[in-house]
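Chemist:
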Amino acid sequence: MLSEKQKLVLIIFLTIAFLSYSVYLYTFLPYKQRKISEQCVKGMDLWQKYNCNACHQVYGLGGYLGPDLTNVYSKRGPEYIAAFLQSGTQIMPKFNFSEDEIKSLLAFLEMMDKSGKADPRTYKINKDGTIEY
Amino acid sequence: MEQLNTEKITTPKLFILSGLFLVVFGLLFGIVGAFQYIIPGLFKEYLSFEKVRPLHVSSVIFWIIITAVGGTWTYILEYTQKKIYSSILIKIQLILFVFTFIAILISYFFGVFGGREYWEFPPLLALPIVLGWVLFIINFIKTIKTIKHHPVYVWMWFTGTVFFLFTFLESYLWIFPYFRNNVVNDMTIQWKSYGSMVGSWNMLIYGCSIYLMDKISGNKAYARSNIAFALYFTGLFNLMFNWGHHIYVLPTHNFIKHISYLVSMTELFIIGRIIYKWNSTLSEAKKNFYRSSYRFLAAADVWIFLNLLLAIMMSIPAINLYTHGTHITVAHTMGTTIGINTMLLLAIAYETLSNSCISFEPYKKLMKSGYWIANFSLFIFWISLIIAGILKSKWQMSTEQIPFAEMKEMLKPYFYSFLIAGTVLATGLIMVIYPLVKNQVLCILNTEGKQIEKTEL
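For the record, the sequence lines run as chains A and B. Positions 100 to 232 (the numbering used here) are the ones given, in order, by the first sequence. Positions 41 to 497 (the numbering used here) are the ones given, in order, by the second sequence.
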């Protein structure tokens, strides 16, 4: 039978490990901070304001109604994206974005595109079940 | 013959009653969302999908949280024989939660979002939730005083409350440019917090379920046994370190992925125990199945097994590569939130709310039918999503991809079965919930409370 002391030691140990792991991640984020343009920040705000994640995915996380947009900037190009943003689609409402708002969203999508590739076909599967990019 | 509990409705019961209203909203918005998959552009002008999805997701998450809190308070009151620190703090917590949840749902109708993936609402509305949760922790700690010498469910409630607050606050780190300015950094921390947050509310729910099982079986030994604590520490270990499977494809630190992969394999221990205990679980079920609350616990057992198998497979990066971003992830989410969380919370709700004010006899048949309808349709719903996910996965991995819209057309038959099964599932759950809500509303309206014989469902 685990004694009360052993249980306490275990929970304290796990909590310290969890907090250390958290602090380590906050301090050593995977990417060193890059200064991003004001336009890109505005694009990010718009992305959240219109809740784009409800329908679209980024790195496979998000809604399922529209396509994953992680690398849409390099795949389709800014003109193609701008056309969709201006007119909407059968499913996507027409949000009546201004020229400046479209530019901001494009800046955000460009930043996202440069962060990495979300295509699962580009990964290599190892024998131990891990994956490599 | 046992008489009904005609006490004036208590605050913990009001938490659970509010939760029942929220789950009905969640189910209705879920049906609207499923229709929007079949009929593109449905309600596009007034209630488009970017509004419907958070209405559905948040209603269901609020149902889980508020009912888990209500269940926890109900059982703490019983466990401590009403020697709690402050009943006023519980009331304030309820008021803060209910008004904030209503404000959040209204904000979606006006197109005011937080815009984060999964669970989102404007950051300002997170403040009253934080305040309510801080009061919860203060009240809990002052009541329990120490976690030493308590059964496992008290440990689970304690860790659930503390880790929920931590992870909830962590999920708002994005408001600082330091975290937000790179999408990979932002998503790493976001999914760290969400992954652990789910584990935190599960701690509250599972704690209540163990308390309830002890009450039904009359055996208090399990909650103090080594195996109960071994399972608790396995759960806690996973809560802390097994969130990386959400972001295997994100170009983040590799060690996050390796840690998560290794930690998730400890869940095999839980699967092993379920299989080992299968026979005794079955005989226990036969003995207690006449009880409505036990019936929901039994259903949750089956769903835990199915979803844990799926979760373990999805935690292997090589398999996750195929399932990530597909409807298999949705199947897992629905399986856990409906099959596990909702079934367990309904067990708690039935145990807490069913023996008051009106006789359940006329509703016995309705509740039984609703129970079976909900479980069978959930299975079809779950399978439909898995098949749709397999097809999407095939599309994601194919060298010559057809356009996204064509792929969605290919999945349409499974969206139809998902819509039909989902509608039947919602009907079944509403059939189960209706007598409980009616009972409590009558309790509130009839303050004198008639003494009626209790009937066991």
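Ideal Cβ placement from N, Cα and C applies to all residues, glycine included.
At a Cβ threshold of 8 Å, is K174(A) touching chain B?
Modeler: no
Chemist: Which class does D224(A) belong to by DSSP, given the choice of helix, strand or coil?
Modeler: Before going further, note that residue 224(A) is Ile rather than Asp in the sequence given. Under the three-state reduction of DSSP, I224(A) is assigned to strand.
Chemist: Looking at the structure shown, is Q156(A) part of a helix, part of a strand, or coil, going by DSSP?
Modeler: strand
Chemist: Hey, does T126(A) have any beta-carbon neighbour from chain B nearer than 8 Å?
Modeler: Answer no: the Cβ-Cβ gap between T126(A) and chain B never drops below 8 Å.
Chemist: By alpha-carbon positions, which one of S249(B), N381(B), F295(B) ends up nearest to E231(A)?
Modeler: F295(B)
Chemist: In whole angstroms, give me the CA-to-CA distance for L124(A) and S399(B).
Modeler: 55 Å
Chemist: If we call anything under 8 Å between Cβ atoms a contact, is N221(B) one with H285(B)?
Modeler: no
Chemist: When you compare the CB positions of G410(B) and G462(B), do they come within less than 8 Å of one another, or not?
Modeler: no
Chemist: Give the residues from the region 146-159 of chain A that approach chain B closer than 8 Å (Cβ to any Cβ), ordered along the chain.
Modeler: With the criterion set as a beta carbon lying under 8 Å from some beta carbon of chain B, the members of the region 146-159 of chain A are W146, Q147, K148, Y149, N150, C151, N152, A153, C154, Q156, V157, Y158, G159, in sequence order.
Chemist: Would T366(B) pass as a contact of K448(B) if the rule is Cβ separation under 8 Å?
Modeler: no
Chemist: Any idea which residues DSSP pairs G161(A) with across the strands?
Modeler: DSSP output for G161(A) lists Q156(A) as bridge partner(s).
Chemist: For N259(B), does the count of other Cβ atoms within 10 angstroms reach 16, so buried, or fall short, so exposed?
Modeler: Label assigned to N259(B): exposed.
Chemist: Answer yes or no: does any C-beta atom of chain A fall closer than 8 Å to that of Y288(B)?
Modeler: At least one chain A Cβ lies under 8 Å of Y288(B).
Chemist: Can you list, in chain order, the residues of its chain with a C-beta nearer than 6 Å to that of S161(B)? Leave out the 5 residues immediately preceding and following it.
Modeler: Here residue 161(B) is Phe; the residue named in the question, Ser, does not match the sequence. Counting only Cβ-Cβ distances below 6 Å, and skipping sequence neighbours, we find I144, G154.
Chemist: With 8 Å set as the bound, which would you pick, yes or no: does the beta-carbon of F112(A) sit closer than that to a beta-carbon of chain B?
Modeler: no
Chemist: Judging by CA-CA distance, which residue of E198(A), V108(A), Y130(A), S186(A) is the nearest neighbour of M211(A)?
Modeler: Y130(A)
Chemist: What does a CB cutoff of less than 6 Å around I101(B) pick up in its chain, not counting 5 residues either side in sequence?
Modeler: W159
Chemist: Using only alpha-carbon positions, find the residue among Y272(B), R331(B), I132(B) that is nearest to S257(B).
Modeler: R331(B)
Chemist: Quick one: measure Cβ to Cβ for I427(B) and Y456(B), integer angstroms, because I've assumed they're closer than 8 Å.
Modeler: Contact flag wrong, Cβ pair sits at about 12 Å.
Chemist: Which residue spans inside the region 263-333 of chain B form an unbroken alpha helix (DSSP H) run of at least 4?
Modeler: 266-281, 294-304, 307-316, 318-328
Chemist: Are there three or more Cβ pairs, one per stretch, closer than 8 Å when the region 56-74 of chain B is compared with the region 97-111 of chain B?
Modeler: yes
Chemist: Tell me, please, whether the CB atom of Q185(A) is closer than 8 Å to any CB atom in chain B?
Modeler: no
Chemist: If contacts are defined as beta-carbon pairs under 8 Å, then S498(B) and L476(B) qualify, I think. What distance do you get, rounded to the angstrom?
Modeler: Nothing about residue 498(B) can be reported from this structure: the residues present for chain B run from 41 to 497 only.
Chemist: Is the CB of K69(A) under 8 Å away from at least one CB in chain B?
Modeler: Absent from the structure is residue 69(A), since the part of chain A shown begins at 100 and ends at 232.
Chemist: Under 8 Å Cβ-Cβ, which residues of chain A neighbour T228(B)?
Modeler: L124, L128, P129
Chemist: Leaving out five residues on either side along the sequence, give the residues of the same chain with a beta carbon under 6 Å from the beta carbon of Y125(B).
Modeler: N179, K182, T183
Chemist: Given a threshold of 16 other Cβ atoms within 10 Å of its Cβ, counted over all protein chains shown, does R220(A) qualify as buried or as exposed?
Modeler: The residue is exposed, with fewer than 16 neighbouring Cβ atoms inside 10 Å.
Chemist: Name the chain B residues that come within less than 7 Å of S119(A), Cβ to Cβ?
Modeler: The contacting residues do not exist; S119(A) stays about 11 Å from chain B at best.
Chemist: Got a sec: is the Cβ-Cβ distance from N259(B) to anything in chain A below 8 Å?
Modeler: no
Chemist: Does any residue of chain A bring its CB to less than 8 Å from the CB of A358(B)?
Modeler: yes
Chemist: Does any C-beta atom of chain B lie closer than 8 Å to the C-beta of Q138(A)?
Modeler: Output row for Q138(A): interface = no.
Chemist: Can you give me the Cβ contacts of I311(B) inside the same chain, cut-off strictly under 8 Å, excluding the 5 residues immediately before and after it?
Modeler: F345, L348, L349, I352
Chemist: Between the region 235-251 of chain B and the region 187-202 of chain B, can you find at least three pairs of beta-carbon atoms closer than 8 Å?
Modeler: Verdict: yes, contact present.
Chemist: Helix, strand or coil: how does DSSP classify Q43(B) here?
Modeler: Annotation note: pLDDT 46 at Q43(B) (below 50); position unreliable, no value reported.
Chemist: Just list the alpha helix (DSSP H) runs in the region 98-177 of chain B, keeping only unbroken ones of 4 residues or longer that don't cross its boundaries, in chain order.
Modeler: 127-149
Chemist: What are the start and end residues of the alpha helix (DSSP H) that includes I16(B)?
Modeler: Residue 16(B) falls outside the range modelled here, since chain B spans only 41 to 497, and no answer is possible.
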